[in-house]
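A short write-up of the structure that comes next.
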Amino acid sequence: MLGKVERLGYVGVGASDLAAWEDYATNLLGVAVQEKQDDGTLLLRHDKHHYRLAVHPDPVDDLLYIGWQVADDEALAAFRAHLEQENVSFTVGDSDKVEARRVGELIELKDPNGVCLEVFHSPLIDYVAPFQSSRPIKGFLTGEFGLGHMVIGVDDFVESKKFYREVLGMRVSDYIKVARNNKELEIVFLHCNGRHHSIGFGNGAGGLKRLGHIMLEVNNMDDVGSTYDICLKRGIECTTLGRHPNDRMISFYMASPSGWQFEYGYGARCVSDEEAVERFTTISEWGHLRNDGLRYGDARKKG
Ligand SMILES: [Fe+2]
């Protein structure tokens, strides 16, 4: 394929309480504050990349942009040619934007929901000062699998699926179909490398925010457990541990200071492009129970 993103590289979010984010990132997630900029922006790091999550001061506590990585300048040139062929408009990131994102080059485009996407190559890597978590955890699974994964709310499921497959070159891993509010909720999971999914979204699954959750995968199951303990100790809203039927990850969800969720997990299976697509009928095989007794993904009780 001419144009294809290869990894979820970075994500930018807006936040109204940067101090809460700094505390949450270092003392709960175990990611490091790599930079605290004059405007309050936090660049958060969880591997050799200079940063993976950028938290910008913004009254709307939600997703601002998604950075998708391609291999190099030739791959980005091929991606641009692919966009032109598909009649998808894009702009070339100027030197200020390139410097701000710490990448070699980038282009910007919008998905069918108006979400800002940046396709880039050559992220800044820090080897001189290796990543060190403020917590005694054994690090995050990233590398060829990218940052982690994310689930967003979309306005048009069919258009979005078409866009992420045909414009970004991603492949469908599988689907989960469940009943919700007497309607059928269908969620699609898409991959661009061996990670089971780098993005997922549902038909009408969107909540109040564009960003549903960001998943960080740790290298050790004990680190999931110790992070769960901190959530309970701090009274942070979270689900119980649970396992998804499709990526087989054991994880739990916890509220970020911006209201959307982080999924923190271990042990997901990998996928390949040769695998046939499957369908599942539950979001969680077991667990992921919220404090209202229902599972993550279930509709909230009214009143
Ligand atoms: Fe997830």
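If you count by the UniProt record's numbering, then the sequence shown holds residues 1 to 303, one letter each, in order. By construction, the Cβ of each residue, glycine as well, lies at the ideal position given by its N, Cα and C atoms.
In angstroms with no decimal places, state the Cα-to-Cα distance between residue i and residue j.
i: glutamate 278; j: aspartate 174; result: 5 Å
i: glycine 303; j: alanine 19; result: Its pLDDT being 47, under 50, glycine 303 is placed unreliably in this model, and the value from its coordinates should be taken loosely. Near 32 Å, if we compare the C-alpha coordinates of alanine 19 and glycine 303.
i: glutamine 85; j: aspartate 94; result: 23 Å
i: aspartate 17; j: serine 258; result: 8 Å
i: glutamate 74; j: tyrosine 10; result: 20 Å
i: leucine 117; j: tyrosine 24; result: 26 Å
i: asparagine 246; j: glutamate 274; result: 16 Å
i: threonine 26; j: asparagine 87; result: 43 Å
i: methionine 254; j: tyrosine 264; result: 8 Å
i: isoleucine 107; j: leucine 43; result: 21 Å
i: tryptophan 260; j: valine 55; result: 13 Å
i: leucine 141; j: threonine 282; result: 26 Å
i: leucine 168; j: aspartate 156; result: 16 Å
i: glycine 207; j: histidine 213; result: 11 Å
i: glutamate 35; j: threonine 41; result: 8 Å
i: valine 154; j: asparagine 113; result: 6 Å
i: valine 98; j: aspartate 292; result: 45 Å
i: glycine 14; j: tryptophan 21; result: 11 Å
i: arginine 243; j: serine 256; result: 21 Å
i: leucine 76; j: histidine 82; result: 10 Å
i: tyrosine 127; j: arginine 180; result: 47 Å
i: arginine 248; j: serine 134; result: 28 Å
Classify residue i as helix, strand or coil using the three-state DSSP reduction.
i: valine 167; result: coil
i: cysteine 231; result: helix
i: tyrosine 127; result: coil
i: glycine 303; result: In this prediction, glycine 303 has a pLDDT of 47, which is less than 50 and means its spatial position is unreliable; what the coordinates show is noted afterwards. Note: glycine 303 maps to coil in three-state DSSP.
i: threonine 91; result: strand
i: glutamate 237; result: coil
i: tyrosine 150; result: Checking the sequence, you will find methionine at residue 150 rather than tyrosine. Methionine 150 falls in the strand class under three-state DSSP.
i: valine 224; result: helix
i: leucine 29; result: helix
i: glycine 259; result: coil
i: valine 158; result: helix
i: tyrosine 24; result: helix
i: glycine 143; result: helix
i: glutamate 118; result: strand
i: aspartate 292; result: coil
i: lysine 48; result: coil
i: aspartate 96; result: helix
Please list the terminal residues of the continuous beta strand (DSSP E) segment that includes residue i.
i: leucine 44; result: 42-45
i: glutamate 278; result: 278-280
i: tryptophan 68; result: 63-69
i: alanine 255; result: 250-255
i: leucine 211; result: 211-217
i: isoleucine 187; result: 183-191
i: tyrosine 10; result: 7-15
With distances taken between CB atoms, is the gap from residue i to residue j smaller than 8 Å?
i: isoleucine 176; j: leucine 28; result: no
i: methionine 150; j: isoleucine 199; result: yes
i: phenylalanine 201; j: isoleucine 152; result: yes
i: leucine 232; j: asparagine 203; result: no
i: proline 57; j: aspartate 72; result: no
i: valine 115; j: valine 70; result: no
i: glutamine 132; j: alanine 268; result: no
i: tyrosine 228; j: isoleucine 250; result: no
Where do the ends of the alpha helix (DSSP H) carrying residue i lie?
i: leucine 83; result: 73-85
Got a sec: does ligand 3 put a non-hydrogen atom nearer than 7 Å to the Cβ of residue i?
i: glutamate 217; result: Judged by which ligands are present, ligand 3 is missing from the structure shown, whose ligands are ligand 1.
Is the shortest distance between the beta-carbon of residue i and the beta-carbons of chain C less than 8 Å?
i: glutamine 69; result: No chain C appears in the structure shown, which is made up of a single protein chain.
Stretch pair the stretch 141-161 + the stretch 190-207: three plus CB contacts closer than 8 Å: yes
Pair every Cβ in the stretch 95-112 with every Cβ in the stretch 122-130, then say whether three or more of these pairs are closer than 8 Å. As far as the Cβ criterion goes, the stretch 95-112 touches the stretch 122-130, which means the pair count is three or higher.
Under 8 Å, with one C-beta from each stretch per pair, do the stretch 153-163 and the stretch 216-224 reach the 3-pair mark? Of all C-beta pairs linking the stretch 153-163 to the stretch 216-224, fewer than three are shorter than 8 Å, placing the two stretches out of contact.
Would you check if the stretch 237-256 and the stretch 279-295 touch, i.e. whether three or more CB-CB distances between them fall below 8 Å? Three or more beta-carbon pairs separated by less than 8 Å link the stretch 279-295 to the stretch 237-256, which places the two stretches in contact.
Any chance the stretch 292-299 sits against the stretch 64-78, with 3 or more Cβ pairs inside 8 Å? no
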